[in-house]
Structure formats: C-alpha cells, structure tokens
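Okay, structure first, notes after.
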Amino acid sequence: MEPIKTFELSKEYLESFRIGIEEQQNDFILESLEGVNVADIAALLDELNLEEAIYVLRLLSHETAADIMIELDEVSVNKVIREMEAIELASLIDEMDSDDAADILILMPSKDREDVISHLQEKEKSANILDLLRYDEDSAGGLMAKEYIKANQNWSVIQTIEEIRRQAENVEKIYSIYVVDNKQHLLGRVSLKKIILAASNTKIMDIYEPELISVPTHMEGEEVAEIMRKYDLESVPVVNAKNKLVGRITVDDILDLIREQSEEDIQAMTGISADVEESDSIWRISKARLPWLIIGVVGGLMGAQIITFFEEGLSKYIALASFIPLVAATGGNVGIQSSSLVVQTLASKSVFDDSPWQRFVKGLLIALVNGIVLGLFVFSVVKFIYGFDSIFGFTIGLSMFFVVLMASFMGTVTPLVLDKFGVNPAIASGPFITTANDLLGLAVYFGVAMYLLNL
Numbered sequence: 001m002e003p004i005k006t007f008e009l010s011k012e013y014l015e016s017f018r019i020g021i022e023e024q025q026n027d028f029i030l031e032s033l034e035g036v037n038v039a040d041i042a043a044l045l046d047e048l049n050l051e052e053a054i055y056v057l058r059l060l061s062h063e064t065a066a067d068i069m070i071e072l073d074e075v076s077v078n079k080v081i082r083e084m085e086a087i088e089l090a091s092l093i094d095e096m097d098s099d100d101a102a103d104i105l106i107l108m109p110s111k112d113r114e115d116v117i118s119h120l121q122e123k124e125k126s127a128n129i130l131d132l133l134r135y136d137e138d139s140a141g142g143l144m145a146k147e148y149i150k151a152n153q154n155w156s157v158i159q160t161i162e163e164i165r166r167q168a169e170n171v172e173k174i175y176s177i178y179v180v181d182n183k184q185h186l187l188g189r190v191s192l193k194k195i196i197l198a199a200s201n202t203k204i205m206d207i208y209e210p211e212l213i214s215v216p217t218h219m220e221g222e223e224v225a226e227i228m229r230k231y232d233l234e235s236v237p238v239v240n241a242k243n244k245l246v247g248r249i250t251v252d253d254i255l256d257l258i259r260e261q262s263e264e265d266i267q268a269m270t271g272i273s274a275d276v277e278e279s280d281s282i283w284r285i286s287k288a289r290l291p292w293l294i295i296g297v298v299g300g301l302m303g304a305q306i307i308t309f310f311e312e313g314l315s316k317y318i319a320l321a322s323f324i325p326l327v328a329a330t331g332g333n334v335g336i337q338s339s340s341l342v343v344q345t346l347a348s349k350s351v352f353d354d355s356p357w358q359r360f361v362k363g364l365l366i367a368l369v370n371g372i373v374l375g376l377f378v379f380s381v382v383k384f385i386y387g388f389d390s391i392f393g394f395t396i397g398l399s400m401f402f403v404v405l406m407a408s409f410m411g412t413v414t415p416l417v418l419d420k421f422g423v424n425p426a427i428a429s430g431p432f433i434t435t436a437n438d439l440l441g442l443a444v445y446f447g448v449a450m451y452l453l454n455l
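When the letters of the sequence shown are read in order and numbered with full-length UniProt numbering, they come out as residues 1 to 455.
Structure below.
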C-alpha cells in the first residue's frame, strides 16, 4: 500500500499549483498530487475555479478522479457534472460504488441522468444505480450500496472463498459476509475468521451466525444511524419486504448523513431557510437569509407598536424604558435554552423518554425556579443598587418572573408542536423563538407595569 503524503494547503502552494495549471505543467501537477489523500485533493479543488478543477480531474486517473468527486461538496459536484460530457462522466461513475454514483446522478435532470447511465460499461452497475434511484435519498434504500459479499448457505468453505475473491473485486471494504438461501433471503452472517479456520469441505450452514441485525429499505436514515450507534455496527444489511438481501449500509454512509443533517439543523437554528455554502453566490445566500430576517424585522416593528401603545404610561414612568432590553434579552435567552434542550431530546428519542406532558411539567418547574431566582435578583438590584422604590423594584422583578415563565413555555411547547406536525423542530431554536419572546415579553412587561404602577 502506498503511504499517504502529509499535505498542507498553503497560499504559496495554491499559487504555484495555479501557475502549473495555467502553464499546463502536467508532470508537476501529477507529482505534487501523488500519494495525497483524495479528501485533501478535493479541498484543493474547492479553492480553484471550475475550469482549473476540471483540468486537474481530467489529468488524473478515472479511479482517483471518481474518489475525488465523492469527496466534493454537493455544490461543487453540481458545477463539475454540468461541464462534463455524458461519456466522460460515465467513465468516472464506472469507478464508484453504486450508492455514491446514485448520490451524484440524482443531482442531474432525468434526461441527462439516463444519458450517463446508458454509457456505463457494466450493465449490472446500471441496474443497481437505477434500483437505488427509486428510493428516497435519506431512507435505508437510498443510503445502501449494492456492492457486498454474500454466500449461499449450501456452499462449502472452499467454494465460498473462491466466490469471495470474485465478489471482492467490486467491494472496497469487507465488514461481513452475509449468508442467504437459494431465494436470496437473508439468514445471517459468517466471519472471515470462521471461514479461514474451518475445513475446506465444511458447509456454510454449519458455521454461520443466525443472529443478525438488518434494516428494511423504507427505514429512515436517522433510525438506521441510531441502530448502528447503539449496537456499534460497522455495516448493516438492508432487506426488502420479503426479507431478501438487497444491499448494505456502511458507517461511512451514516457519518455523511449525520454531517448533512447537523448542517441542516444548524442552518435552521440560525434562521437560514435553504442549504447554502459560503462559496455560493451573493444572491443565493441573501435569498436563504432574508425570510427569517424579514420576520425578525416585522417582529421588531410589532414590538415598536407595543411600546407605542403603552406610550402614555411610559411617559409617566420613563425609567421603565431602561429595562426593556433586560426583558427582551432574558426572554430570548430562556426561550433558546428551553427549545435547544427539547430539540436535543427529540433528536435522540428513546422508549424511556418522558411524554410531552411530562416534559411540559418539568419545563414549568424549571422555569418557576429560574423565574423566582431571577425575579428576586432583579428586584434587589433595582431597589438597593439603582435606588428605586420598592413598588418599582417589585414591578420589574415580577415582570422578570412572568417573562421567564412565558419564554420557557414557548421554548418547550413550540418544538414539540413542530415535531408533531413533521416540521424540523430546530427551527424553534432560532429567530422564531427570539422574535416571539420579544413580543410576548414586552406585552407581559408593560401589562404588569400598568397594573402595579396604575399607569
């Protein structure tokens, strides 16, 4: 095995590499990339423009270029495949596992996709890719690869070894050898160790392990990830409704899924309404950010209207205005804390989890404790440090108590409701909660002040 070269992407190297491309110094380009991990090469290509990146890909072997394509982010892959002819892209697809090939082809329009598939050299791969494209990309069927090692229960050990050698040409990593019957029903697994140690005429049915965890094609990717995490699996077989073996999912596929979903949740929590990258166009990034920013601005304008509504009372007790930022900030912080905790719980569901009602009661009790502590603290500061009278300090402290209760209620209930209706609850942890709590917090604050201060 060739050693992996340590690679550091510096400005100096990038500049010299670009000069090499411009001057078509092909020997320099190939030598500098020799032994470099494909993930590092993909990171290098991300720094180049499209023309330069495609030039490098065309210099490399089809196998290496295919591995790099798999490592590129979706935006970069989209740009590359739009510039390639169908026959050229097909030569790279031929070098990929079926699941990676399907992930790339799904990005293309149907007509272009069919054109690429028609140029594939292996008809079996074409059939496998078409089969994978039928499934939702985040289901077990969409995540699985069609390349795996299987053995019939009636085979002898020597026959199985020969078959493993033949099948292994298309399988990069061998985690398990799955055992099937004559109708391809999954029966269990057998380890390489058992095959090597068994006598050559031993039947697979005598040494395989029937205890095996498998997943159906329709299972959601998140559930597959949880099963693999719980049972510490490196791969898991996928079966259809008739329990026939149709593919396998490896830990690499699951890590990619977890990373993508984490990025989606982070973007949802920060109020970005679409999947965008920093390298995207100004218009695309602005379009993704604007919806929640507009909602925030509308919320701010509504907050201004609430203040205007209480303007007469505010003019009598002008000091109330000084504590508006305190109320708004505390409500937003409490809401985000509560919603983040609920979202985290929803993301790792367990049969032992509390019911929604239990979560609500627990959140209410936490809010009571926090509200009392913060209310007393604010009352003490307003009265003894700022020097206001007791009734004014009590007003600010009581307002703080009710704002904490209200914000905690919103932060707990909103993600639960969104999850119930199939909406990503992470949305509740961002601008939505902040804006809602700002408005409700102001209403509560001025409502308490009007009542206690007779405004």
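Quick reminder that beta carbons are idealized off the backbone N, C-alpha and C, glycines included. Being a predicted model, the structure only gives us computed values, none of them experimental.
Query raised in the report: Is the beta carbon of residue 516 sitting closer than 9 Å to the one on PHE421?
Result: There is simply no residue 516 to check, as the chain begins at 1 and stops at 455 in what is shown.
Query raised in the report: Any heavy atom of the ligand FMN closer than 8 Å to the CB of ALA449?
Result: This structure simply doesn't include the ligand FMN, nor any ligand for that matter.
**Report entry** Sequence-distant residues of the same chain with beta carbon closer than 6 Å to LEU346, five excluded per side
**Finding:** If we look at LEU346 and ignore the five residues flanking it on each side, its Cβ neighbours are ASP419, PRO425.
Query - Bounding residues of the alpha helix (DSSP H) (the contiguous stretch that carries PRO415) - result: Where PRO415 is concerned, the enclosing alpha helix (DSSP H) stretches over 390-420.
Query raised in the report: Mapping DSSP to helix, strand and coil, what is residue 458?
Result: It is not possible to answer for residue 458, since the shown part of the chain is limited to 1 through 455.
Requested in this report: Tell me whether the beta-carbon of GLY371 lies closer than 9 Å to the beta-carbon of VAL404.
Outcome: Their beta carbons are under 9 Å apart, which means GLY371 touches VAL404 by this criterion.
Requested in this report: Mind the definition here: the stretch 168-179 touches the stretch 189-197 only if three or more C-beta pairs lie below 8 Å; say whether that holds.
Outcome: These segments touch.
Query raised in the report: Can you pull the DSSP bridge partners for THR250?
Result: Its beta-bridge partners are SER235.
Report task. Would you kindly work out how many angstroms separate the C-alpha atoms of VAL77 and ASP99, rounded to a whole number? Result -> ASP99 has its alpha-carbon roughly 15 Å from the corresponding atom of VAL77.
Requested in this report: May I have the straight-line CA-CA distance separating SER380 from ASP389, to the nearest angstrom?
Outcome: Straight through space, the alpha carbons of ASP389 and SER380 are spaced by roughly 11 Å.
Query raised in the report: Exposed or buried, GLU85, counting other C-beta atoms within 10 Å across all chains shown (16 or more means buried)?
Result: Exposed, since its Cβ has fewer than 16 Cβ neighbours within 10 Å.
Query raised in the report: Roughly how many angstroms lie between the CA atoms of MET205 and ILE117, to the nearest whole one?
Result: Counting only the Cα atoms, ILE117 lies some 38 Å from MET205.
Report task. Say whether the stretch 147-167 touches the stretch 212-231, bearing in mind that this needs 3 or more beta-carbon pairs closer than 8 Å, one atom from each stretch. Result -> Under the 8 Å Cβ criterion, the stretch 147-167 does not count as touching the stretch 212-231, having fewer than three qualifying pairs.
Query raised in the report: So is ILE196 in contact with chain C if we call contact Cβ pairs under 9 Å?
Result: Of the chains in the structure shown, none is chain C; there is only one protein chain.
Query raised in the report: Could you give the residue range of the beta strand (DSSP E) that holds THR178?
Result: What sits at residue 178 in the sequence shown is Tyr, not Thr. Per DSSP, TYR178 is one residue of the beta strand (DSSP E) stretching across 177-180.
Report task. Apply the 10 Å Cβ neighbour rule to SER338 and answer buried if 16 or more other Cβ atoms are within range, or exposed otherwise. Result -> Buried.
Query raised in the report: Which two residues bound the contiguous alpha helix (DSSP H) that contains GLY188?
Result: It is not in any alpha helix (DSSP H) - GLY188 instead sits in the beta strand (DSSP E) that spans 186-190.
Report task. Just the C-alpha distance for ASN128 and ILE104, rounded to the nearest angstrom, thanks. Result -> So the two alpha carbons sit approximately 14 Å from each other.
Query - VAL351 (DSSP reduced to helix, strand or coil) - result: Note that VAL351 scores a pLDDT of 42, beneath 50, so its modelled location is shaky and nothing firm can be said.
Query - Per DSSP, cross-strand counterpart(s) of GLU209 - result: Residue pairing for GLU209: DSSP places it in a beta bridge opposite ARG189.
**Report entry** Supposed contact pair HIS62 and GLU95 - C-beta distance, whole angstroms, cut 8 Å
**Finding:** Contact flag correct, Cβ pair sits at about 5 Å.
Requested in this report: Run the CB neighbour count on GLU147, radius 10 Å, all protein chains shown included, and call it buried at 16 or more, exposed below.
Outcome: Answer is buried; the Cβ neighbour count reaches 16.
Requested in this report: With DSSP collapsed to three states, give me the class of SER139.
Outcome: SER139: strand per DSSP, three-state reduction.
Report task. Give the secondary structure of VAL369 by DSSP, where H, G and I count as helix, E and B as strand, and everything else as coil. Result -> In the structure shown, VAL369 sits in a helix (DSSP, three-state: H, G or I).
Query - 6 Å CB neighbourhood of PHE17 in its chain, flanking five on each side removed - result: Closer than 6 Å at Cβ, skipping near neighbours: no residue.
Query raised in the report: Going straight from the alpha carbon of LYS203 to that of ASN152, what length do you get?
Result: The straight-line gap from Cα to Cα measures roughly 9 Å.
Requested in this report: Please list, in chain order, all residues of the same chain as residue 459 whose beta carbon is under 7 Å from its beta carbon, the five residues on each side excluded.
Outcome: In the structure displayed, the chain extends from 1 to 455; residue 459 sits before or after that span and is not available.
Query raised in the report: Taking VAL297 as the reference, which of ASP438, ALA241, ALA367, LEU130 has the closest Cα?
Result: For VAL297, the nearest C-alpha among the options comes from ASP438.
Requested in this report: Run the CB neighbour count on TYR13, radius 10 Å, all protein chains shown included, and call it buried at 16 or more, exposed below.
Outcome: With fewer than 16 other Cβ atoms within 10 Å, it is exposed.
**Report entry** One or two residues paired with ALA145 in a DSSP bridge
**Finding:** Partner(s): ARG248.
Query raised in the report: Which residues does DSSP pair with PRO425 in a beta bridge?
Result: In the DSSP output, where bridge partners are listed per residue, PRO425 has none listed.
Requested in this report: Give me whichever residues DSSP pairs with VAL215 in a beta bridge.
Outcome: VAL215 is bridged to VAL238.
**Report entry** Per DSSP, cross-strand counterpart(s) of GLU220
**Finding:** Paired residues: SER139.
Report task. Pick helix, strand or coil for LYS173, following the three-state DSSP scheme. Result -> LYS173: coil per DSSP, three-state reduction.
Query raised in the report: Using DSSP with H/G/I as helix, E/B as strand and the rest coil, what is LYS203?
Result: Of the three classes helix, strand and coil, the one that applies to LYS203 here is strand, per DSSP.
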